[in-house]
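Chains as they are written, first to last, in our numbering: chain V, 1 to 340; chain A, 1001 to 1340. A short worksheet on the structure shown next.
There are 2 protein chains.
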Amino acid sequence: MKVILDAFGGDNAPVETIKGAAMAVQEYGVTVLLTGDEEIIKRVAKEQGVTLSGIEIVHAPTVIPVCAESTSITKEYADSSLAVGLKLLVEGKGDAFVTAGSSGALVVGATLIVKRIKGIKRAGFAPVIPCVGGNGKYMLMDSGANIDCRPEMLMQFGIMGSAYMNKIMGISNPKIGLINVGVEESKGGELQLGAYELLKKAPVNFTGNVEPRELPFGACDVAVCDGFSGNIVLKLTEGVAKAFTTQIKGIFMQNFKTKLAALAVKNGMKNFKKQMDYTEHGGAALLGIAKPTIKAHGSSNAKAFKNAIRQAASFAQLDVIGEIEKGLQEIKNSAQETVK
Amino acid sequence: MKVILDAFGGDNAPVETIKGAAMAVQEYGVTVLLTGDEEIIKRVAKEQGVTLSGIEIVHAPTVIPVCAESTSITKEYADSSLAVGLKLLVEGKGDAFVTAGSSGALVVGATLIVKRIKGIKRAGFAPVIPCVGGNGKYMLMDSGANIDCRPEMLMQFGIMGSAYMNKIMGISNPKIGLINVGVEESKGGELQLGAYELLKKAPVNFTGNVEPRELPFGACDVAVCDGFSGNIVLKLTEGVAKAFTTQIKGIFMQNFKTKLAALAVKNGMKNFKKQMDYTEHGGAALLGIAKPTIKAHGSSNAKAFKNAIRQAASFAQLDVIGEIEKGLQEIKNSAQETVK
């Protein structure tokens, strides 16, 4: 199993990408193919005391800045570590790809260079978000790749999310929910009404509309919505959790008595923090692309990169894409049945 | 000052509406006009030992169910406590109106019976949400009245929210933020791009795009968005907060030591809970309607109704609607200037 890693993507590249790659080689026995400036990679590895055994390097002279136009990935940044990684992926030089670089450039690059799975309308970001009920986590798709969506896209997000959560997270018959303003079938706008109809007929365990207040309690295993709404869910979950954590820390720091209290619940709080740590689940899959592609968080550290590499390897090994293709074929078959 | 209260709206009506009305009369010296079945109101008041001095009753024989078609408010439920209340409002029999009944029926009823402020495209729900930074609260508009919005509507939400937060909450020059997937001006879809352009020129303190992760930290005083997105923000904030509270309670209940720790931080937690209690800020204003209209939470108790009545009275007394009309006039004038 060979995972391609964009060595220059993310706020902490290339130190943390190189360290994460080395950790993944050692822990999982995978080969990692780093893309980026070869000289810098070798120098940083030496400086950090990281051995490069099990790691290959493919030289890429530039790095695409986060603020660059997404489409520049096939133009002035065609030789960037991100673009070169995607080219290696499509050429079969690696089984899966990981980057913590620009999300927009990744969507454009993966779509144009690697291409989508046949029949898939749009690729979408699908992070796995920790929650306190259900299976302890849920996939949110799309979390921001597509601001505007059509009903068929949401239905396909359901099929892709179902295959992923089943294969990678081991959840049998994952519950697919449609994010909406109410649970009744008649709720929402044209997008939700159309998606509801399609999801009912799709080969997934569709549980109907899900109100956002139920998401943190694990009401479904895959929550589908347009990318604008998904981005709100992703970022607001992060924000409210952070605001709560900040306030509670403040309460514990008030005086000697409360500081003692903090010691008593330290373990419980630590476990809760670990349970809510998104980096435990790796990065966000870019589902819909013809080869396994993972977007790691921009602020990823070595551990997060290691986890994302493991996730990418599972993505390839467990043939999630084959499973998605099966789901699409089922829909095609049932549509043909209806015509007959 | 006379506030009309739908005595039969909400899960706890009419017991809690009647109690809340009596509390408001006593505490704020307002007159409350209750709409609903007169016989039942009198009987319940007697049973509960609530005096009806300062309270008037206008008989309305039916109650519109939450599940009824919204448009039924002008048809089979034209004699409901909600519809009768709105008619009294438009006839000037009261200065403001409060209901905890059906949101959909309220939007339709208020729009058709009371009508919108001249020039306002759509009315929207505008709850005030507690947060941990900034001014400790922000207005979210629209939180669910309009699934689909146009840029001009979002700009008007900004004007209305600005007037409200200034007059009712005493925030001078409120910061208006546009909820978006990134802070850069180029972010979002057609709706956000269009709204950004209009808000820049509007007579409000527009601070640009706001990412949802910054909302709980009080990044702006009024957050504007379409009703679908706003409903997600409202319900997800509630859900994540509840999930956190549940987990932390669990951590404190683990053993004797953690239960002792709970005692030490009890006051701090209690204050935080009060700070985060949405009922402290009353209900959601239905901004855009030509007369002050408040939607109280469906699960309101007497205290929440009392607060909503106080809020409705301030809404009328401080002439928020006059302030909104001024804002609209400014835009009209500056548009005429541009033409000249």
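Glycine included, each C-beta is placed from N, C-alpha and C at the ideal position.
- L1112 (chain A) sits in a helix when the DSSP states are folded into three classes.
- Taking the CA atoms as reference points, V107 (chain V) sits about 15 Å from N231 (chain V).
- Contacts with chain V (Cβ-Cβ distance below 7 Å) from the stretch 1139-1169 of chain A involve G1144, I1147, D1148, listed in chain order.
- Per DSSP, the beta bridge partners of N205 (chain V) are V:K175.
- Between the alpha carbons of A13 (chain V) and A7 (chain V) lies a distance of about 6 Å.
- Nearest to L178 (chain V) by C-alpha distance, out of V:M165, V:N205, V:S172, is V:N205.
- Annotation note: the stretch 1115-1185 of chain A contains the following uninterrupted alpha helix (DSSP H) runs of length 4 or greater, listed N- to C-terminal: 1151-1167.
- Less than 7 Å divides the Cβ of F1125 (chain A) from the Cβ of G1144 (chain A).
- Each of A:R1122, A:E1076, A:S1072 was checked against the Cα of A1105 (chain A), and the nearest Cα belongs to A:S1072.
- For C131 (chain V), the residues of chain A that pass the 8 Å Cβ criterion are A1243, in the order they occur in the chain.
- Closest in C-alpha terms to P1061 (chain A), from the list A:A1219, A:E1076, A:A1024, comes A:E1076.
- When DSSP states are grouped into helix, strand and coil, E1323 (chain A) belongs to the helix group.
- In the three-state scheme derived from DSSP, where H, G and I count as helix and E and B as strand, V63 (chain V) is classed as coil.
- Within chain V, no C-beta atom comes nearer than 8 Å to that of R1122 (chain A); the closest sits roughly 14 Å away.
- With respect to the C-alpha of D1142 (chain A), the residue from A:K1167, A:P1151, A:F1228 having the closest C-alpha is A:F1228.
- In the structure shown, the three-state DSSP call for K1093 (chain A) is coil.
- Listed along chain A are G1239, V1240, A1243, each with a C-beta nearer than 7 Å to that of P216 (chain V).
- A residue is called buried once 16 or more other Cβ atoms fall within 10 Å of its Cβ, and F1256 (chain A), having fewer, is exposed.
- By the Cβ rule, the stretch 126-134 of chain V counts as touching the stretch 214-222 of chain V, because three or more pairs are nearer than 8 Å.
- If only uninterrupted beta strand (DSSP E) runs of at least 3 residues are considered, those enclosed by the stretch 242-312 of chain V are 284-287, 293-295.
- The shortest C-alpha to C-alpha distance from I41 (chain V) to any of V:K87, V:G29, V:K19 is the one to V:K19.
- Against chain V, the beta carbon of A1261 (chain A) has neighbours under 7 Å at A261, A264, V265, listed in chain order.
- In the structure shown, T1051 (chain A) falls within a coil segment according to DSSP collapsed to helix, strand and coil.
- At a beta-carbon threshold of 7 Å, the residues of chain V lying near E1211 (chain A) are K235, ordered along the chain.
- At the C-beta level, A1302 (chain A) and E1016 (chain A) come within 7 Å of one another.
- Listed along the chain, the chain V residues whose CB falls inside 8 Å of the CB of S1299 (chain A) amount to none; the nearest CB is some 13 Å away.
- Straight-line measurement puts the Cα of T1074 (chain A) at about 42 Å from the Cα of T1338 (chain A).
- Under the three-state reduction of DSSP output, L34 (chain V) falls in the strand class.
- Here D226 (chain V) has C149 as same chain residues with Cβ atoms under 6 Å from its own Cβ, once five neighbours each way along the sequence are excluded.
- Straight-line measurement puts the Cα of K1291 (chain A) at about 7 Å from the Cα of L1089 (chain A).
- Between the C-alpha atoms of A264 (chain V) and K270 (chain V) there is a straight-line separation of about 11 Å.
- Taking 7 Å as the threshold, the shortest C-beta distance from N1135 (chain A) to chain V does not fall below it.
- L154 (chain V) sits close to A195 (chain V), with the two beta carbons spaced by under 7 Å.
- K115 (chain V) and R43 (chain V) have their C-alpha atoms roughly 34 Å apart.
- I1004 (chain A) is positioned such that its CB atom lies closer than 7 Å to that of G1085 (chain A).
- Shown here, S80 (chain V) sits in a strand according to DSSP, grouped into three states.
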